[in-house]
Amino acid sequence: MRPSSQVEVKCWLCPMTFRTRRQLKNHLAAAPHKRLSVVCVWCPEEKSYRRMVDLKEHVMANHRSKIEIMPYSFLSENNGFWMSNYPETYAKVISPSNENSQEAMKARIEVLEFLNRVGNTNRKKEDWTLGWKCPREMVRGTQEEEVDQEKTNGSYSPTRPTIYEGLALQQLTLGLGDSTAIFKLDLGVSIRFYQISLNDLVLRDHKMLDALIRRMTALVNIKYAGSHTFSASIDGKLKSIVTPVVARKLSISEEYIADIKTSDELFPGKQIKAITNPLSPLKTPSTSDIILEDDSDNEEPEILNEKATSPKKSKKTENEGEKNGEKRKKKNNHQEQKAKKIKQGKGDKKQDEEIRLKEEEQRKQEKQKQDEEMRLKEEEQKRREEQKQEEIRLKEEEQKKQEKRKQDEEVRLKEAELKRKEKLKQEEEIRRKEEEQRKQEKQKQEEEEQRKQEKQRQEEEEQRKQEKLKQDEEVRLKEAEQKRKEKQKQEEEQQRTKEQKQEEIRLKEEEQKKQDKRKQDEEVRLKEAELKRKEKQKQDEEIRLKGEEQRKQGKQKQDEEERLKEEKRIQEEKHNEESKRKELEASEDQDVDCTTLNGNVTARERARTLLRKGGMPLFPAGRREWNQEEVIPLITIPAVVSWPPKNWKKMTPEQKYFNWEYASIALELNSGKQLQFSKEELLLKYHFLALPGTKTPTGSEENTMATKSRFYLYQALAYIIKSDKEDASTVQTLKMLETAVNERDNSTDDVIKRIDALDIPLRLGEDN
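Position in the sequence shown (first residue = 1) + 4 = this note's numbering.
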């Protein structure tokens with residue numbers, strides 16, 4: 005639990021006050037101020053985002069290739085100062101990154117390139133460079149979530165003054181598989197260094213990552229030699245004490261701390277403080293106060309209450325003092341008698357105590373000599389290490405100076421190149437404007453005739469534009485009033501320069517209005533063209549629908565003619581079957597061989613005819629010997645479905661089954677009927693579409709008997725075709741089936757006729 009800051013902070017843009025600077029930061033970022041907004045330097049148009057977190061999400065989603073080549077801290081909250089629209093306000097609540105750092109220089113370069121690329125921006129190049137040079141005293145630093153100085157409440161904790169106050173961050177490194185932090189623990193009499201290994205999951209938590217980056221930027225002026233070896237891991241009670249303190253120092257959760265190691269050296273750094281400063285006496289520890297976090301916000305010393313009541317108690321003690329005087333004298337006499345008896349018993353113990361004290365004194369002297377020798381050796385070792393660290397530090401400083409000179413030279417060359425490109429662009433812009441002016445003069449003569457026709461329409465549009473301009477003017481006046489209040493709070497020396505800026509802003513707004521007007525005219529023209537195009541499309545669609553309607557009517561007429569022909573053919577077949585029946589009865593009486601009847605039509609051919617057409621719901625149409633792909637289009641509207649499907653030979657049995665089911669549903673819906681059958685009955689109706697190797701459909705218990713009866717009839721017809729049997733029972737069965745088939749479901753006849761036209765044979769030897 006972190007102690008909350010009780011300092012009230014006032015917003016300088018409005019009369020509101022806040023308890024913490026974090027609340028002030030959130031207030032400035034939100035409406036109506038929006039003073040912490042930053043611009044995206046890689047978008048083709050000027051786009052601003054409320055805070056650096058929003059810009060980071062936009063960049064990771066749209067400009068990932070750009071950010072991958074930038075420094076790690078390019079999108080940090082501190083580096084956002086160089087991309088902010090209001091740098092003076094930004095610097096008051098968030099500390100800018102070092103202007104000589106790599107990420108700051110990259111940010112300035114990207115902003116300058118953005119200004120040259122976009123051109124028409126709300127702020128010009130001069131405004132940006134002037135904002136980057138805001139006074140140093142305006143930068144008040146980032147308000148971190150750090151704990152203020154703890155209140156002294158008169159109690160003592162063995163961990164709070166030694167662990168939390170003595171632990172200081174020296175180095176912080178972030179990277180996948182190698183995220184570490186090094187802390188220095190100065191306890192007054194000894195110094196130790198701890199290496200904290202962080203879990204890689206901390207890099208995925210944006211909130212924790214931002215906190216670590218802020219800690220990293222705060223280590224600019226802290227120098228760490230890095231010559232220690234960390235081999236021993238700590239555990240047990242010490243780890244339980246150090247872990248929450250380290251997590252609090254880094255502003256992260258304890259779960260992200262993977263391991264804590266310590267160096268074997270007891271005095272790895274300078275020990276001037278340990279030698280010169282005497283040890284301060286410790287207070288008596290209070291076990292109720294052994295905590296690592298400050299929970300003492302609501303605590304108040306009990307001493308204050310005692311002081312408040314002390315005058316009343318003093319009066320009572322004076323009155324009671326005289327009464328208790330005699331009692332004290334009696335007690336003292338009794339205690340003196342007891343003390344004499346105790347001294348007689350302790351006479352022999354004093355000699356043993358003196359001998360023990362002398363031996364302890366000798367051991368202390370020997371230990372002091374050994375400690376002195378160890379101290380001298382350690383001081384010599386420290387002196388050597390300090391010399392090595394000083395040499396390393398001098399080399400690093402020289403290397404940093406060289407890198408800084410190189411970076412300054414690169415920035416200077418880039419700025420010179422940008423100035424040259426800007427000058428060429430300005431010249432090109434002047435030339436383009438002259439050409440555009442000549443073109444406009446030519447267009448004026450042609451547009452004069454069009455203006456007369458569009459005059460009435462423009463008057464109506466002008467009224468709407470005036471209303472919009474009034475609204476824009478009201479918004480602009482509100483913004484100008486707000487800016488005026490801000491300007492009154494600034495120093496009188498900058499008043500003249502800010503008035504000039506206002507004039508420039510006003511000119512920019514007028515220019516923006518002109519551009520908006522031209523854009524609106526162009527949008528109106530494009531809308532009219534779009535309306536004409538839509539009307540034309542609508543007319544074409546009506547013509548197409550009429551043509552389709554005519555084709556449907558023609559198709560219906562053809563279907564009706566075919567139906568009449570089929571009915572006529574069925575009547576003829578009935579007549580022929582009746583004559584055949586009579587002849588068969590006559591032949592049975594005379595024991596005549598029924599090999600052929602009525603035009604030499606055998607039983608095999610009659611059974612084949614029945615299987616080709618099908619007789620649902622008695623038996624399904626026979627399966628076909630499908631070998632090719634997409635030989636017949638089943639339907640064409642709303643989409644073309646051809647059979648067999650493409651690459652069906654490479655499909656699994658389940659895939660073939662699903663294609664069979666899809667084609668059956670499509671044919672049933674295309675016939676204008678709703679799905680009135682179960683899935684098993686629908687697949688039996690379109691049994692002739694089953695491909696070789698298709699998975700056998702599983703029926704429900706309710707349809708088991710009906711499915712078996714259809715299966716047996718189907719097998720009986722297939723057996724007649726295979727065996728070429730011509731006995732009387734077979735002929736009688738065929739007659740009965742032919743009579744019943746006249747009442748069959750003929751909705752599949754059209755597809756079956758097209759399949760028969762392609763001469764696709766029946767498949768009788770595979771799955772049934």
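Beta carbons: idealized from backbone N, C-alpha and C, even for Gly. In this text the structure is predicted, and so the values were computed from the model without any measurement.
query                                                                                                                                                                                                 : result
Helix, strand or coil for Gln632? Go by DSSP, reduced to three states.                                                                                                                                : coil
Rounded to the nearest angstrom, what separates Leu398 and Asp412 at their Cα positions?                                                                                                              : 21 angstroms
Just verifying my parser: in three-state terms, what is the DSSP assignment at Gly619?                                                                                                                : strand
For Trp647, name the three-state secondary structure that DSSP assigns.                                                                                                                               : strand
Would you tell me roughly how many angstroms separate the C-alpha atoms of Lys70 and Pro19, rounded to the nearest one?                                                                               : 41 angstroms
What residues in its chain sit with their C-beta under 6 angstroms from that of Leu17, if we drop five residues either side in the sequence?                                                          : His37
With DSSP as the reference, label Phe78 as helix, strand or coil.                                                                                                                                     : coil
In terms of residues, what are the limits of the beta strand (DSSP E) holding Ala172?                                                                                                                 : Leu171 to Thr177
Please go through the same chain and pick out, in chain order, the residues whose beta-carbon is closer than 7 angstroms to the beta-carbon of Arg758, but skip the five residues on each side of it. : Ile636
According to the neighbour-count rule (16 or more other Cβ atoms, all chains shown, within 10 Å of its Cβ), is Ser668 buried or exposed?                                                              : buried
Three or more beta-carbon pairs under 8 angstroms between the region 605-623 and the region 729-747, yes or no?                                                                                       : yes
Using CA atoms only, rank isn't needed, just tell me which of Val645, Val13, Leu687 and Glu382 is closest to Gln27.                                                                                   : Val13
Could you check whether Leu254 and Ala172 sit closer than 8 angstroms to each other, using their CB atoms as the reference points?                                                                    : no
Would you list the one or two residues that DSSP bridges to Ala236?                                                                                                                                   : Thr266
Could you tell me which residues DSSP puts in a beta bridge with Pro696?                                                                                                                              : Paired residue(s): none; Pro696 is not in a bridge.
Taking the Cβ atom as the reference point for each residue, do Leu207 and Leu178 lie within a distance shorter than 8 angstroms?                                                                      : yes
Determine the closest residue to Ala236 out of Ser201, Ile217, Arg219 and Pro248, with distance taken between C-alpha atoms.                                                                          : Ser201
If you measure between the beta carbons of Pro648 and Glu633, is that distance less than 8 angstroms?                                                                                                 : yes
Do Leu766 and Ala607 come within 8 angstroms of each other at the CB atom, strictly closer than that value?                                                                                           : no
What did DSSP end up calling Val45 once you bin it into helix, strand or coil?                                                                                                                        : coil
State buried or exposed for Leu568, treating a residue as buried only when at least 16 other CB atoms are found within 10 Å of its CB.                                                                : exposed
Apart from the five residues on each side of it in sequence, which residues of its chain come closer than 7 angstroms, Cβ to Cβ, to Pro91?                                                            : Phe85, Gly135, Trp136 and Cys138
Where do the ends of the alpha helix (DSSP H) carrying Ser201 lie?                                                                                                                                    : Premise fails: Ser201 lies in the beta strand (DSSP E), Ile195 to Leu202, not in any alpha helix (DSSP H).
My understanding is that Leu176 touches Leu223, with C-beta atoms under 8 angstroms, so please give their C-beta distance in whole angstroms.                                                         : 6 angstroms
Measure the alpha-carbon distance for Lys487 versus Glu503 and round it to whole angstroms.                                                                                                           : 11 angstroms
How big is the Cα-Cα spacing for Ile73 and Leu695?                                                                                                                                                    : 57 angstroms
When the Cα of Asn83 is compared with those of Ser41, Cys47, Thr711 and Asn66, which residue comes out closest?                                                                                       : Ser41
Which partner residues does Tyr53 have in the DSSP bridge list?                                                                                                                                       : Val42
If you reduce the DSSP assignment to three classes, tell me which class Asp190 lands in.                                                                                                              : strand
In terms of alpha-carbon separation, which member of Ile261, Ile264 and Gln174 lies closest to Met220?                                                                                                : Gln174
Using the three-state DSSP reduction, which class does Ile4 fall into: helix, strand or coil?                                                                                                         : The shown model of the chain, from 5 to 772, leaves out residue 4, and the question about it has no answer.
Would you kindly work out how many angstroms separate the C-alpha atoms of Pro642 and Gln541, rounded to a whole number?                                                                              : 20 angstroms
Use the C-beta contact count for Ser77: other C-beta atoms within 10 angstroms, 16 or more gives buried, fewer gives exposed.                                                                         : buried
Taking only the alpha-carbon atoms, compute the straight-line gap between Glu570 and Glu532 and give it to the nearest angstrom.                                                                      : 57 angstroms
Any idea if Arg510 is buried or exposed, counting beta-carbon neighbours within 10 angstroms, 16 or more meaning buried?                                                                              : exposed
If you measure between the beta carbons of Glu50 and Val43, is that distance less than 8 angstroms?                                                                                                   : yes
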